[in-house]
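Residue numbers (the UniProt record's numbering), protein chains in the order written: chain E, 1 to 209; chain U, 1 to 209. Where a beta carbon is used, it is the ideal one built from N, C-alpha and C, also for glycine. Notes follow the structure.
Below is the structure:
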């Protein structure tokens, strides 16, 4: 398999964690988002959306969207299930992941922040937008975990929820968000002691700057 | 089952379509988003995120996030599968749905448009933001369907992709987007002839204004 990604993309980090959890080997292709590699014709042939990550699988097919890639990996490689339990348990795990993937991440990615700058927002305004987005979203995430046991989001095993939480926590730190969510912070610490998270951290990647 | 929704919420419409496709009965509870019902303490007990839809299932459990609800319904009620085919086929269907759920919808919902107004954007500026978001996203969606046969997104049966496309097309019309995507427009027309889409249209709901 071949993963097209960028060390600092939180969506690419999600896929690196899923691949590591399942013990899968893959090659990496580095798409430098700040240099605009994602808009190069060669990359648009891989993913017409111009987004990372994209995963080339055995037969040359290209998968896009980190959520779809994680679901695919979970169906094809059932070891270390990302969505364990009953349909209801799986729905709760997915809802948590989507609360990040659909409510937080799209509103604080580079593309949107650049659009806000084009509308006349200065650095402080853009930063405040990202901080407010993340804080509101994490309030909801903390509430979604009410009554759930640790050390991970949903019990004693890593799930899709943790895979989405940890890269978003890294973004929160990068934007200087005050981390006022004790449960989320504990989960992040537990995850970062796990080798699948540790080894895939952005700063450990070959393209890290 | 009890669906908490709002006639004009495209996320609630997705769930209405999924329930209709599977032939499931449910009661509706109307949460008036423009009156702020979603921030009322009674609703926040149902969904702490303050978003619609939320689905109460048989044992009183509450499911949130339209994507998680659709996946749950597909697992528990396998008739009229929303994700037919191989793992690769399912990944393509999911990637299309996520291209709408993660890349378009979050950037043009009421909450975000209100934030843009608070930053000083006038009506025209907010409308232009929504239009640009939808147009860029639909360019990618049309490309993702390259090589796929109709009349629906992925062949002769309705899938999760169609459930996400049609409500987003309605939003596009509402924002006055020029619909320059022939394939998406044809799929929308085919879907709106299907009873699961027809009967669940926003204007057919009891809370429509």
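For residue i, the nearest candidate out of the options (CA to CA)
i: residue 138(U); options: 77(U), 177(U), 120(U); result: 177(U)
i: residue 90(U); options: 68(E), 81(E), 169(E); result: 68(E)
i: residue 135(E); options: 187(E), 96(E), 104(E); result: 104(E)
i: residue 99(U); options: 188(U), 155(U), 160(U), 192(U); result: 160(U)
i: residue 86(U); options: 94(E), 85(E), 71(E), 198(E); result: 71(E)
i: residue 21(E); options: 53(E), 124(E), 110(E), 162(E); result: 162(E)
i: residue 132(E); options: 119(U), 35(U), 108(U), 17(U); result: 119(U)
i: residue 147(U); options: 5(U), 183(U), 174(U), 172(U); result: 183(U)
i: residue 14(E); options: 198(E), 206(E), 209(E); result: 198(E)
i: residue 9(E); options: 34(E), 142(E), 95(E); result: 34(E)
i: residue 12(U); options: 157(U), 109(U), 93(U), 125(U); result: 109(U)
i: residue 95(E); options: 144(E), 61(E), 126(E), 80(E); result: 144(E)
i: residue 56(E); options: 17(E), 164(E), 4(E); result: 4(E)
i: residue 64(E); options: 50(E), 122(E), 28(E), 58(E); result: 50(E)
i: residue 168(U); options: 36(U), 78(U), 201(U), 74(U); result: 201(U)
i: residue 174(U); options: 195(U), 127(U), 191(U); result: 127(U)
i: residue 106(E); options: 196(E), 195(E), 181(E), 164(E); result: 164(E)
i: residue 193(E); options: 152(E), 66(E), 181(E), 62(E); result: 152(E)
i: residue 44(U); options: 27(U), 62(U), 58(U), 28(U); result: 62(U)
i: residue 207(E); options: 149(E), 16(E), 6(E); result: 6(E)
i: residue 166(E); options: 101(E), 88(E), 125(E); result: 101(E)
i: residue 171(U); options: 158(U), 157(U), 188(U); result: 188(U)
i: residue 244(U); options: 149(U), 97(U), 130(U), 93(U); result: Chain U is shown only over 1 to 209; residue 244(U) falls outside these bounds and no answer can be derived.
DSSP three-state assignment for residue i, whether helix, strand or coil
i: residue 208(U); result: coil
i: residue 152(E); result: strand
i: residue 177(E); result: coil
i: residue 84(E); result: coil
i: residue 100(U); result: helix
i: residue 166(U); result: helix
N-terminal and C-terminal residue of the beta strand (DSSP E) that residue i is part of
i: residue 200(U); result: Note, residue 200(U): premise wrong, no beta strand (DSSP E); not H, not E.
Unbroken alpha helix (DSSP H) run spanning residue i, endpoints
i: residue 117(E); result: 110–118
i: residue 139(U); result: 123–144
i: residue 185(E); result: 182–192
Closer than 8 Å to chain U by CB, residue i
i: residue 153(E); result: no
i: residue 148(E); result: no
i: residue 79(E); result: no
i: residue 72(E); result: yes
i: residue 112(E); result: yes
i: residue 75(E); result: yes
i: residue 64(E); result: yes
i: residue 19(E); result: no
i: residue 118(E); result: no
i: residue 33(E); result: no
i: residue 263(E); result: As shown, chain E starts at 1 and ends at 209. That puts residue 263(E) outside it, with no answer to give.
i: residue 144(E); result: yes
i: residue 160(E); result: no
i: residue 165(E); result: no
Any C-beta of chain E under 8 Å from that of residue i
i: residue 24(U); result: no
i: residue 98(U); result: yes
i: residue 182(U); result: no
i: residue 108(U); result: no
i: residue 48(U); result: yes
i: residue 91(U); result: yes
i: residue 121(U); result: yes
i: residue 140(U); result: yes
i: residue 94(U); result: yes
i: residue 135(U); result: no
i: residue 88(U); result: yes
i: residue 61(U); result: yes
Any chain A beta carbon closer than 8 Å to residue i
i: residue 103(E); result: Of the protein chains in the structure, E and U, none is chain A.
heavy atom of the ligand FAD below 7 Å from residue i C-beta
i: residue 76(U); result: Here there are no bound small molecules, and the ligand FAD is not part of this structure.
What runs of the beta strand (DSSP E), each 3 residues or longer, lie entirely inside the UniProt domain "GST N-terminal" (1–81) of chain U?
-> 2–5, 27–30, 54–56, 62–64
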